[in-house]
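Novice: The following block contains the structure, expressed as structure tokens.
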Amino acid sequence: MIRVGLIAAAVVAVLIAAAWVLQRKLIYYPDSTPVPPAGRLIAGAEDVTLTTSDGLELGAWYVPPAVGEPRMTVLVAAGNAGNRADRALLASDLAAAGFATLLFDYRGYGGNPGHPSEEGLALDVRAARRHLVDERRVPPERLLYFGESLGTVDLALRAP
């Protein structure tokens, strides 16, 4: 009876250790495939580079509205899988509706350097917001955050 208990305890310990070691692979599913140039998938889109506070340079796409000035600007923070090319249709639809859009990939996604982590993703989405506010001069009150899964949690807490 004691032997069965020890075996069961050992199995549980191995499962816990495996979950600990593999936790990043269980949370993040990065598609690290480099994406094509923005204009190849979305008319009028441009490639931009975001610089994070820890020095990484991340690829992103800025998509202006199809006509005129943007009603608002949408920062799209993707979930834990895929890359920005998977959201090209969303950006095209938003552009047709009069919105500007920033699609970006987190570290380790879409050909970007680095490896995803909770802290890293927060730095990445902050860099995307900084790009819009500081470089594109989008007033913060004209920003909409569109997050999937992991998406904009950090921004929703820090810059509602």
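Sequential numbering from 151 applies to the sequence shown in the working numbering. In this text, a Cβ means the ideal position worked out from N, Cα and C, and glycines have one as well. Values in this document were obtained by computation on a predicted structure and should not be read as measured data.
Classify methionine 151 as helix, strand or coil using the three-state DSSP reduction.
Specialist: Correct three-state label for methionine 151: coil.
Novice: Distance, Cα to Cα, alanine 247 vs leucine 225?
Specialist: Alanine 247 and leucine 225: Cα-Cα distance of roughly 15 angstroms.
Novice: With burial defined as no fewer than 16 other Cβ atoms inside 10 Å of the residue's Cβ, what is the status of alanine 227: buried or exposed?
Specialist: By the neighbour-count rule (16 or more Cβ atoms within 10 Å), alanine 227 is buried.
Novice: In terms of residues, what are the limits of the alpha helix (DSSP H) holding glutamate 269?
Specialist: That run of the alpha helix (DSSP H) goes 268 to 280.
Novice: Roughly how many angstroms separate the alpha carbons of alanine 272 and tyrosine 256, rounded to a whole number?
Specialist: If you take the alpha carbons of alanine 272 and tyrosine 256, they lie about 9 angstroms apart.
Novice: With distances taken between CB atoms, is the gap from alanine 250 to proline 215 smaller than 8 angstroms?
Specialist: Result yes, Cβ atoms of alanine 250 and proline 215 sit closer than 8 angstroms.
Novice: Go through the region 177 to 202 residue by residue and report every complete run of the alpha helix (DSSP H) that reaches 4 residues or more, in order.
Specialist: As far as the region 177 to 202 is concerned, its whole alpha helix (DSSP H) runs of at least 4 residues are 188 to 191.
Novice: DSSP three-state label for leucine 206, please.
Specialist: The answer is coil: DSSP assigns leucine 206 none of H, G, I, E or B.
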